[in-house]
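Residue numbers (our numbering), protein chains in the order written: chain A, 38 to 416; chain B, 3 to 202.
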């Protein structure tokens, strides 16, 4: 249903003609920015400044335009500047054409428009700007519980396969309904069966989509890992579905246990993605540096896969990642990022003076951020 | 800060509880009513009360009606034996406008929703079963929404009605009339393909 049969090698085939970049950003009362107007060229942008000056807020606003959510996991109210009633984020996105996005959010009112027209269906808006963020929390992809890795798959599939998100929402609704029934004392079997049907139908679609995705991103993760880490670590990403055979049969086998546990015990909501390093679990046996590299490699694979499917590299947002890598790994990551912008894309990276990567070439745009003011730096 | 006189505020708060009326609209309507001719308020109050008192649910099909049973149930020119099951009373009006169903109706009064505490006993399913024999129902058409809860409701009804000698059917899902493939989402297209049929 979702297979578009795209088999592009991510980097090689990204043409120069189909690049998309954020050409203008406007912020009003967003976080610590009373007012920001900036024009950005395609290429590599470094935002320099001390801590707590507002560097990450710029990345957050760009990510917000792409996904309509914060990568810091907060609601709209927390992004309003202290004392203001609402925030505004506007942007121009330049690709094959020029698009103007305007988003206003206040506790009472939210407005989102694309090219002057209010957005009625999110599906028609999402995809105008695509972005992938690299931040310190990514480490949880490796160290945290399976939920984070399922979210990673879901996010990537939602961004690359039409219909996946709608199916995921249906599955979640069926799952929550079914769990509500299992919580009742002596649930009506016929009623339970009725929701099981929908759970199985949508669940099978999710499993199939994840089965197709994994072999496509696994080599990308492995390649990115090798480039960042150098060395000979062997990286293997393996999909481990909770359902091995027939979903409906396994569910009916689990019924007795479900009656005791009062929740749905089998299904893609219990899937796991194994991250292996030299044949062992990266979580259990990897060093801190290896885990960080793994997290970056997963994000890089996400960006490349999105780039391959849509033929347009997403904007890369790199927040505070450099400081955590040793010199060798930094030296490996920088060329990856540079390759991203050379293929016509755009990279935004935050940095403090102390961890300014000397490896960075001169072909970049430097900006300084000080107390909610963004300025183009010279030199 | 001066506030609205108490009776106006009370009216606005009562209006604000109506669907589709926000606090600002409620205030505007309340202010309009208290400043207009007294006959307007009288007329509003009279029609409100009359409508509420005279309208009830048809004891047979559950549609909104003044006479009981409703005109659709008592219309002798309509075909017996085919029942169209819908969620809400309003759905009967939509179907009637399309003028294609010439049989009878049955309003469930909602759909199964465990997350909102709506179970089979909260819907008019017993009443539906009770109609099968006396009305010699041959076919029950399920015209229920196609979301998760609607689908589950259909499955539930189909299984519960199985073995009662009635044909249970589901209305088709697919492309809206007159629209092209390019505007359809994947799920709609998949359903449309599943529900395909021969032309000749």
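Beta carbons are placed, not taken as given, at the ideal position from N, Cα and C, and that holds for glycine.
Q) Where do the ends of the beta strand (DSSP E) carrying residue 87 of chain B lie? A) Residue mapping note: residue 87 of chain B aligns to position 85 of the second chain, counting from 1. Here the beta strand (DSSP E) through residue 87 of chain B covers 84–88.
Q. For residue 298 of chain A, does the count of other Cβ atoms within 10 angstroms reach 16, so buried, or fall short, so exposed?
A. By one-based count along the first chain, residue 298 of chain A stands at place 261. Answer is exposed; the Cβ neighbour count stays below 16.
Q.
When you compare the stretch 207–214 of chain A with the stretch 251–271 of chain A, are there three or more beta-carbon pairs, one atom per stretch, that lie closer than 8 Å?
A. no
Q | Start-to-end residues for the beta strand (DSSP E) that takes in residue 345 of chain A | A | In the first chain, the residue the question calls residue 345 of chain A occupies position 308. No beta strand (DSSP E) contains residue 345 of chain A, which is instead part of the alpha helix (DSSP H) from 325–347.
Q.
Can you check whether the C-beta of residue 125 of chain B is within less than 8 Å of a C-beta belonging to chain A?
A. In the second chain, counting from the first residue as 1, residue 125 of chain B sits at position 123. Closer than 8 Å: no.
Q) Quick one: what's residue 155 of chain A bridged to in DSSP? A) The sequence position of residue 155 of chain A within the first chain is 118, counting from 1. According to DSSP, residue pairing for residue 155 of chain A in a beta bridge involves A:150.
Q.
Using C-beta distances below 7 Å, list every residue in its chain close to residue 180 of chain A, excluding the 5 sequence neighbours before and after it, in chain order.
A. As a first step, residue 180 of chain A must be located in the first chain, where it is residue number 143. Cβ within range, chain order: 320 and 328.
Q: Would you identify the three-state DSSP class for residue 248 of chain A, choosing helix, strand or coil?
A: Translated into the one-based positions of the first chain, residue 248 of chain A becomes position 211. Here residue 248 of chain A sits in helix by DSSP.
Q: Could you tell me which residues DSSP puts in a beta bridge with residue 12 of chain B?
A: Counted from its first residue, the second chain places residue 12 of chain B at position 10. DSSP lists no partner for residue 12 of chain B.
Q | Residues of its chain near residue 81 of chain B, where Cβ-Cβ distance is below 6 Å and the 5 sequence neighbours each way are ignored | A | If you number the second chain from 1, residue 81 of chain B lands on position 79. If we look at residue 81 of chain B and ignore the five residues flanking it on each side, its Cβ neighbours are 104 and 105.
Q: Report, in whole angstroms, the separation of the C-beta atoms of residue 185 of chain A and residue 177 of chain A, which I expect to be a contact under 8 Å.
A: For the purposes of this step, residue 185 of chain A is taken as the residue at position 148 of the first chain. For the purposes of this step, residue 177 of chain A is taken as the residue at position 140 of the first chain. Contact holds; Cβ gap of about 5 Å.
Q: Check each residue of the stretch 171–200 of chain A: if its Cβ is closer than 7 Å to any Cβ of chain B, include it; give the result in chain order.
A: 199 and 200
Q.
Output needed for residue 267 of chain A: all residues of its chain with C-beta closer than 7 Å, excluding positions within five of it in sequence on either side, in chain order.
A. In the first chain, residue 267 of chain A corresponds to position 230, counting from 1. Excluding sequence neighbours, residue 267 of chain A sits near 365 and 369.
Q.
Distance check for residue 403 of chain A and residue 384 of chain A, CA to CA, integer angstroms please.
A. Numbered from its first residue, the first chain carries residue 384 of chain A at position 347. Numbered from its first residue, the first chain carries residue 403 of chain A at position 366. Rounded to the nearest angstrom, the two C-alpha atoms are 12 Å apart.
Q) What separation, rounded to the nearest whole angstrom, lies between the Cα atoms of residue 270 of chain A and residue 339 of chain A? A) Against the first chain, residue 270 of chain A aligns to sequence position 233. Against the first chain, residue 339 of chain A aligns to sequence position 302. Each residue's Cα considered, the two are about 20 Å apart.
Q.
Quick check for students: name the residue ranges of the alpha helix (DSSP H) that lie wholly in the stretch 220–280 of chain A, counting only runs of 4 or more.
A. 226–266
Q | Under the three-state DSSP convention, the category residue 46 of chain A falls into | A | Position 9 of the first chain, counted from the start, is the residue given in the question as residue 46 of chain A. Caution applies to residue 46 of chain A, whose pLDDT of 38 falls short of 50 and renders its modelled position unreliable; the model cannot decide the point.
Q: Report the rounded CA-to-CA distance for residue 239 of chain A versus residue 200 of chain A, giving the unit in angstroms.
A: Here residue 239 of chain A refers to the residue found at position 202 when the first chain is read from its first residue. Here residue 200 of chain A refers to the residue found at position 163 when the first chain is read from its first residue. Roughly 11 Å separates the two Cα atoms.
Q: Would you kindly work out how many angstroms separate the C-alpha atoms of residue 123 of chain B and residue 163 of chain B, rounded to a whole number?
A: Working through the second chain from its first residue, we reach residue 123 of chain B at position 121. Working through the second chain from its first residue, we reach residue 163 of chain B at position 161. Their backbone Cα atoms lie some 15 Å apart in a straight line.
(Q) At 3 residues or longer, what runs of the beta strand (DSSP E) sit wholly inside the stretch 108–169 of chain B? (A) 141–144
Q. Tell me which same chain residues have a C-beta within less than 6 Å of the C-beta of residue 71 of chain A, skipping the five on either side of it?
A. Taking the first residue of the first chain as 1, we reach residue 71 of chain A at position 34. Hits under 6 Å: none found.
Q. For the candidate residues A:221, A:347 and A:204, whose alpha-carbon lies nearest to that of residue 188 of chain B?
A. What you label residue 188 of chain B is simply residue 186 of the second chain in a count that begins at 1. Of the candidates A:221, A:347 and A:204, the one whose C-alpha sits nearest the C-alpha of residue 188 of chain B is A:204.
Q: Report the residue from B:195, B:168, B:159 and B:184 whose alpha carbon sits nearest the alpha carbon of residue 175 of chain B.
A: Here residue 175 of chain B is taken as the residue at index 173 of the second chain, counted from 1. The shortest Cα separation from residue 175 of chain B among B:195, B:168, B:159 and B:184 belongs to B:195.
Q. Among A:264, A:102, A:251 and A:302, which has the Cα closest to the Cα of residue 277 of chain A?
A. Here residue 277 of chain A corresponds to residue number 240 of the first chain, with the count starting at 1. If we check each option's Cα against that of residue 277 of chain A, A:251 comes out closest.
Q. Residue 58 of chain B: which of B:49, B:71, B:47 and B:46 sits nearest, CA to CA?
A. By one-based count along the second chain, residue 58 of chain B stands at place 56. Closest option to residue 58 of chain B, Cα to Cα, is B:71.
Q) So is residue 457 of chain A buried or exposed if we call it buried at 16+ other beta carbons inside 10 Å? A) With chain A represented from 38 up to 416, any question about residue 457 of chain A goes unanswered, as that position is not in the structure.
Q: Would you mind sorting residue 170 of chain A into buried or exposed? The rule is 16 or more other CB atoms within 10 Å of its CB.
A: Start at 1 with the first residue of the first chain, and residue 170 of chain A comes out as number 133. Answer is buried; the Cβ neighbour count reaches 16.
Q.
Taking the straight line between their C-alpha atoms, what separation do you get for residue 318 of chain A and residue 331 of chain A?
A. The residue labelled residue 318 of chain A in the question sits at position 281 within the first chain. The residue labelled residue 331 of chain A in the question sits at position 294 within the first chain. Approximately 12 Å between the Cα atoms of the pair.
**Q.** Bounding residues of the alpha helix (DSSP H) (the contiguous stretch that carries residue 98 of chain A)
**A.** Position 61 of the first chain, counted from the start, is the residue given in the question as residue 98 of chain A. From DSSP, the alpha helix (DSSP H) with residue 98 of chain A extends over 92–104.
Q | Under 7 Å (Cβ pairs) to chain A, residues found in the stretch 161–172 of chain B | A | Going along the stretch 161–172 of chain B in chain order, one finds 161 and 162 with a Cβ nearer than 7 Å to chain A.
Q.
Report the CB separation of residue 32 of chain B from residue 13 of chain B in whole angstroms; it is logged as a contact under 8 Å.
A. If you number the second chain from 1, residue 32 of chain B lands on position 30. If you number the second chain from 1, residue 13 of chain B lands on position 11. A Cβ-Cβ separation of about 4 Å places residue 32 of chain B in contact with residue 13 of chain B under the 8 Å criterion.
Q) Residues of chain B with a CB under 9 Å from the CB of residue 234 of chain A: which are they? A) The residue you call residue 234 of chain A lines up with position 197 of the first chain. Ordered by position in chain B, the residues that pass the 9 Å Cβ test against residue 234 of chain A are 153, 154 and 157.
Q: Please go through the stretch 157–227 of chain A and give each complete alpha helix (DSSP H) segment of 4 or more residues, from N-terminal end onward.
A: 159–162, 177–180, 183–197 and 201–220
Q: Measure from the alpha carbon of residue 68 of chain B to the alpha carbon of each residue in B:150, B:55 and B:30, then state which is nearest.
A: Residue mapping note: residue 68 of chain B aligns to position 66 of the second chain, counting from 1. Among B:150, B:55 and B:30, the Cα nearest to that of residue 68 of chain B belongs to B:55.
Q: Can you pull the chain A residues whose beta carbon is under 9 Å from the beta carbon of residue 114 of chain B, in chain order?
A: In the second chain, residue 114 of chain B corresponds to position 112, counting from 1. By Cβ distance, chain A contributes 214, 228, 231 and 232.
Q: Below 8 Å on the Cβ atoms is my guess for residue 198 of chain A versus residue 246 of chain A; work out the distance and round it to an integer in Å.
A: Within the first chain, numbered from 1, the residue matching residue 198 of chain A stands at position 161. Within the first chain, numbered from 1, the residue matching residue 246 of chain A stands at position 209. Right, the Cβ-Cβ distance comes to about 6 Å (below 8 Å), so this counts as a contact.
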